[in-house]
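Each remark here refers to the structure printed beneath this line.
Numbering (this note's numbering), first residue to last: 340 to 630.
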């Protein structure tokens, strides 16, 4: 094994899927985690090592990056996201990393765009100007968000609370993002590319509810939440004001239909079509059916 791939943010939605995908490759994988305990799930893979990454402690970055040939860069959605991205790129350059694959977001280069996209775009530009060979992935909203953020209300109430109106989104399965990343990290054909990644169809949350109802055998309904009620709900969960504003801004763009663009990138890169929301729901039916 001559290649060592670091996955920062390894315990996140995409990171977890990518670690599993890379576990079958003839490479060493470093799972960058904020807490070693949270990375215990990866110990079952013989080619995966755990390494701590604490952005407040630069010495952990040096340990994590030394000896690494390629990096899958996932940064947290925090107020100093751009500074963190620059810190990671600088460290990668210092230790001689051969490629960085950055997980960005759909519409990151839109003008004037939204806060979430602008931060990602600043990170993209810094990476592009670094001199390190790069690939940028811009996925749409994750299907898994309906488990992570809506799972409890779906299980307990049979309801999905979202302020998206009838807006359609080309939701992507994080497994498909990981499949694209696996190819991009292990084949040298994608340097300098910016890849827009989506699911195969654009659907509304009402259509999501109908699919989940069919798959689970339950009645699951969509509650279109007014924006002010959404703000109050996020505030009640002690979300900081800057994050509330960023989330509402994102929701406004999705409600207006700006998340509906469909691409064929998954099929072009992996050789198989992107999963439909129905396939995702069937694969994860246990998450939507009470025990």
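By construction, the Cβ of each residue, glycine as well, lies at the ideal position given by its N, Cα and C atoms.
Everything numeric in this text was worked out from a predicted model, so none of it was measured.
Problem set entry | Residues that residue 536 bridges to, as DSSP identifies them | 478
Problem set entry | 8 angstroms Cβ cutoff met for residue 437 and residue 399 | no
For this session: Identify whether residue 370 lies in helix, strand or coil by the three-state DSSP scheme.
Result: In this structure, residue 370 counts as strand in the three-state DSSP scheme.
Problem set entry | Rounded straight-line distance, which links the Cα of residue 462 to that of residue 482 | 24 angstroms
Exercise. Is residue 532 near residue 474, with beta carbons less than 8 angstroms apart?
Worked result: yes
Exercise. In the structure shown, what three-state DSSP assignment does residue 553 receive?
Worked result: helix
Exercise. What are the boundary residues of the alpha helix (DSSP H) that residue 515 is part of?
Worked result: 513-525
For this session: Could you pull out every residue in the same chain whose Cβ sits closer than 6 angstroms to the Cβ of residue 460, ignoring the five residues on either side in sequence?
Result: Cβ within range, chain order: 447 and 448.
Exercise. If you check the beta carbons only, do residue 592 and residue 453 fall under 8 angstroms apart?
Worked result: yes
Exercise. Which class does residue 587 belong to by DSSP, given the choice of helix, strand or coil?
Worked result: Residue 587 falls in the helix class under three-state DSSP.
Problem set entry | Boundaries (first-last residue) of the beta strand (DSSP E) holding residue 391 | 387-391
Problem set entry | Reduced DSSP category for residue 441 - H, G, I as helix; E, B as strand; rest coil | Judged by DSSP in its simplified three-state form, residue 441 adopts strand.
For this session: Could you tell me whether the segment 570-586 touches the segment 511-527, where touching means 3 or more Cβ pairs closer than 8 angstroms?
Result: They do not touch, by the three-pair rule.
Exercise. Taking the C-alpha atoms as reference points, what is the distance between residue 579 and residue 432?
Worked result: 33 angstroms
Exercise. For residue 626, which residues of its own chain have a beta-carbon under 7 angstroms away from its beta-carbon, when the five flanking residues on both sides are left out?
Worked result: 486 and 490
Problem set entry | Nonlocal neighbours in the same chain, by C-beta distance under 6 angstroms from residue 613, ignoring five residues either side | 515, 538, 539 and 605
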